[in-house]
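Peer 1: Once you've had a glance at the structure underneath, I'll fire off some questions.
Listed below in structure tokens is the structure:
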């Protein structure tokens, strides 16, 4: 659902007020997980098909390409209540279309790795620290900015 401000609606330097791509999408995905005692492996797969929208600055229909995403994560509870996890991710997106024509060299590819540390300080609450980065090797990414992202999350699980 397009919420927020798209890149074409930006008004601030460096587009710091952009919060969305500005399109509607339909997606499907699945998660499969296997655990053994204190270890787990999880595979997430997904695909999205975006719908076209009219770019006000061009007065033309634009549609982002369909994409596939995957995430493979493995982790271990190395001491009670503490879990360490490693992940590999992959994203591929087809070419952008302006009107009915594809725009050459606009497909995207992104591959990355991440690490996470989780502490379950209560039966329902966890604190999660994670760091994720792209793989900065020639040919392992295309049309996607590189960067290192770190997050600190608190999670409540009802089960």
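In our numbering, the protein residues as written are 3 to 161. We put the beta carbon where it would ideally sit given N, CA and C, even for glycine.
Does DSSP put residue 52 in a helix, in a strand, or in coil?
Peer 2: It is a strand residue.
Peer 1: Determine contact between the region 63-70 and the region 90-101, defined as no fewer than three beta-carbon pairs at a distance below 8 Å.
Peer 2: Yes, the region 63-70 is in contact with the region 90-101.
Peer 1: Buried or exposed: residue 147, going by 16 or more other Cβ atoms within 10 Å of its Cβ?
Peer 2: Result: exposed.
Peer 1: By DSSP, does residue 104 sit in helix, in strand, or in coil?
Peer 2: Of the three classes helix, strand and coil, the one that applies to residue 104 here is strand, per DSSP.
Peer 1: Consult DSSP for residue 60 and reduce its assignment to one of helix, strand or coil.
Peer 2: Three-state DSSP puts residue 60 in coil, outside helix and strand.
Peer 1: My output table needs one value for residue 125: the three-state DSSP class, helix, strand or coil.
Peer 2: DSSP places residue 125 in coil when its eight states are reduced to three.
Peer 1: Are the CB atoms of residue 91 and residue 111 nearer to each other than 9 Å?
Peer 2: Contact flag unset, no.
Peer 1: Give a yes or no on whether the C-beta atoms belonging to residue 85 and residue 137 are separated by under 9 Å.
Peer 2: Contact flag unset, no.
Peer 1: May I have the straight-line CA-CA distance separating residue 128 from residue 157, to the nearest angstrom?
Peer 2: In a straight line, the C-alpha of residue 128 is about 5 Å away from that of residue 157.
Peer 1: Below 8 Å on the Cβ atoms is my contact criterion, and I expect residue 109 with residue 145 to pass it. Report the Cβ-Cβ distance as a whole number of Å.
Peer 2: The Cβ separation is near 7 Å, so the contact holds.
Peer 1: Using a threshold of 9 Å, state whether the C-beta atoms of residue 88 and residue 56 are closer than that.
Peer 2: Not in contact: residue 88 and residue 56 (Cβ atoms no closer than 9 Å).
Peer 1: Alpha carbon to alpha carbon, how far is residue 58 from residue 130? Give it in angstroms, no decimals.
Peer 2: Whole-angstrom Cα-Cα distance: 40 Å.
Peer 1: Please state whether DSSP places residue 16 in a helix, a strand or coil.
Peer 2: In this structure, residue 16 counts as helix in the three-state DSSP scheme.
Peer 1: Determine the contact status of residue 33 and residue 45, defining contact as a CB-CB distance below 9 Å.
Peer 2: It is a contact, given that the beta carbons lie within the stated cut-off.
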